[in-house]
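Heads up, the thing below is written out as structure tokens.
Protein chains in written order, with this note's numbering: chain P, 502 to 608; chain B, 5 to 118.
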């Protein structure tokens, strides 16, 4: 069953912050985050493992609440280059991706 | 640094035709995957190969077959293409088990079936 992401889409001005949430109905081993720009392949951002620390990629960080089976991606001081679709992937054994959150950063 | 290479990049088929999508990785990864991406559906796993010599079904395997030819190569075959298989197909690889290893994606194959 696909994890649920929210919001489905968000528009930001450069410099603003955003949070993208990912929740699953199943107990999770790990959560992955990927970013995909239009017409390109998904690119790995970070993995959060059960019992692990909060992770960071540049000004993007993420947390994983194992009890609630939820993860959140925090984009701080957004840049134009952050535009794209963000996917969470939840893993028991194989990775199951959410339907994505479309993020647009404008001037 | 090629990473994951997919061929072809674009293909148009007629209903009922067959074709094979090729994928090769040069990172010495054990695990390889095939996904399809449709608008609004995210990435859905078709088949995966946890290691050379093994393949397993994913979420949407019907209408597809796969071959893990060697450690580098993992192909996806459509035996009798249907319009519902129009999609963007991505191959990916990871060093090991999907849960704790990042996946590296190829550039995708855009497949249209008329």
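Idealized CB from N, CA, C, for every residue including glycine. Just so you know, these numbers come straight off a predicted model, no measurement behind them.
According to DSSP, residue 97 of chain B shares a beta bridge with B:36 and B:108.
Taking residue 536 of chain P as reference, the option from B:39, B:109 and B:87 with the minimal CA-CA separation is B:109. By DSSP's assignment, residue 514 of chain P forms a beta bridge with P:607. Residues 507 and 573 of the same chain have their beta carbon placed closer than 6 Å to that of residue 522 of chain P, with the five preceding and five following residues left out of the count.
Taking CB atoms only, residue 570 of chain P has no neighbour in chain B less than 9 Å away. Counting other Cβ atoms within 10 Å of its Cβ, residue 40 of chain B reaches 16 or more and is therefore classed as buried. Neighbourhood of residue 36 of chain B in chain P, by CB distance below 7 Å: empty, with the nearest CB roughly 12 Å away.
The C-alpha of residue 513 of chain P lies about 12 Å from the C-alpha of residue 585 of chain P. Residue 559 of chain P counts as exposed, since fewer than 16 other beta carbons sit within 10 angstroms of its beta carbon.
Against chain P, the CB of residue 39 of chain B has a partner CB under 9 Å away; the residue lies at that interface. Residue range 46-53 is occupied by the beta strand (DSSP E) that includes residue 48 of chain B. Residues of chain P whose Cβ lies closer than 8 Å to the Cβ of residue 108 of chain B are, in chain order, 545.
Judged by beta-carbon spacing, residue 35 of chain B lies beyond the 9 Å limit of residue 81 of chain B, meaning their Cβ atoms are not closer than that value.
Residue 64 of chain B: not part of any beta strand (DSSP E); DSSP gives it neither H nor E. With respect to the 9 Å criterion, residue 565 of chain P and residue 524 of chain P are not classified as neighbours on the basis of their beta carbons.
Its chain contains 502, 570, 591 and 593 as the residues whose beta carbon lies nearer than 8 Å to that of residue 527 of chain P, once the 5 sequence neighbours on both sides are disregarded; these appear in chain order.
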